[in-house]
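Notes follow once the structure below has been shown.
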Amino acid sequence: MLERAILDAALEQLSTVGWKGLTMEGIAAGAQTGKAAVYRRWPSKEDLVADALKSGLPRVEKAPDLGSVREDLLALCRQVREIMYSRPGVALRSIIHECDSEQAERFGEVIVGSVVGPTVKLLREVICRGINRGEVRSDAANGYVFDAIPAMMMYRSKMCASEWNDRDLEEMVDLLMLPLLRPYGA
């Protein structure tokens, strides 16, 4: 119970004060416990935040199957958007925005393991299903194509402050992904 309160307090603090404003004292206060109780469980702010993110980030576990690659991609992008704008997702984005490259590298496992990796796995499933249905050319099942959506969503979120409304998602799918996937001559 105390551990969950500490993890929740870490996510709340990250969401409100960001990485640079995050302190173990603030987390302890948010969890209504002492700083020693926090340090007994986590030796560093980085370790605590990594555990908070791992336990708090929503999971995308099933690829949508709505009958077309376009609809499947849009549904998957909406799921990713929900993760990005969940409280743990906002906390993760604050880390990505505020950390220097050395600090951010420490969270690479969380970012890839909890968000990018599962998204790419589901994109692979959607695209391979599209290949089997004849909607997608066979050579489109490659790492560059699988990386396009997570890379674009992270880049535009960080560099352009995009909030990925439905229109943005539709434009990304229609103007970027479908041309990448379309069978030659179609």
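Residue numbers for the sequence shown follow full-length UniProt numbering, so the first one is 1 and each next one is one higher.
Ideal Cβ placement from N, Cα and C applies to all residues, glycine included.
Since the structure is predicted, the reported quantities are computational estimates derived from the model, not experimental observations.
Just measuring C-alpha positions, the residue of D174, D8, G18 and D47 sitting nearest A29 is D8. When the Cα atoms are used, L176 and V136 turn out to be separated by approximately 14 Å.
Look at N132 here: in three-state DSSP terms it is helix. Nearest to Q103 by C-alpha distance, out of W19, Q13 and M1, is W19.
Shown here, M1 sits in coil according to DSSP, grouped into three states, outside any helix or strand.
Apart from sequence neighbours up to five positions away, the residues of its chain that approach V17 with a beta-carbon distance below 8 Å are G26, ordered along the chain. Here L180 is actually not in contact with A151; their C-beta atoms are around 12 Å apart, not less than 8 Å. Setting aside the 5 residues that flank it on each side, Y184 is surrounded in the same chain by R137, each with a C-beta closer than 8 Å to its C-beta; the list follows chain order. If you check the CB distance, I149 and L57 do not come in under 9 Å. For L178, the closest alpha carbon among the candidates D72, A36 and K62 is that of D72.
Taking 9 Å as the cut-off, the Cβ atoms of M153 and M172 count as close. DSSP, reduced to helix, strand and coil, places K62 outside both helices and strands of the structure shown, so it counts as coil. Cβ-Cβ distances below 8 Å link P88 to L11, A52, L53, G56, L57 and P58 in the same chain, with the five nearest sequence neighbours on each side left out; the list follows chain order.
Around the beta-carbon of A36, fewer than 16 other beta-carbon atoms lie within 10 Å, marking it exposed. Judged by DSSP in its simplified three-state form, F107 adopts coil rather than helix or strand. Rounded to the nearest whole angstrom, the CA to CA distance from A161 to N132 is 36 Å.
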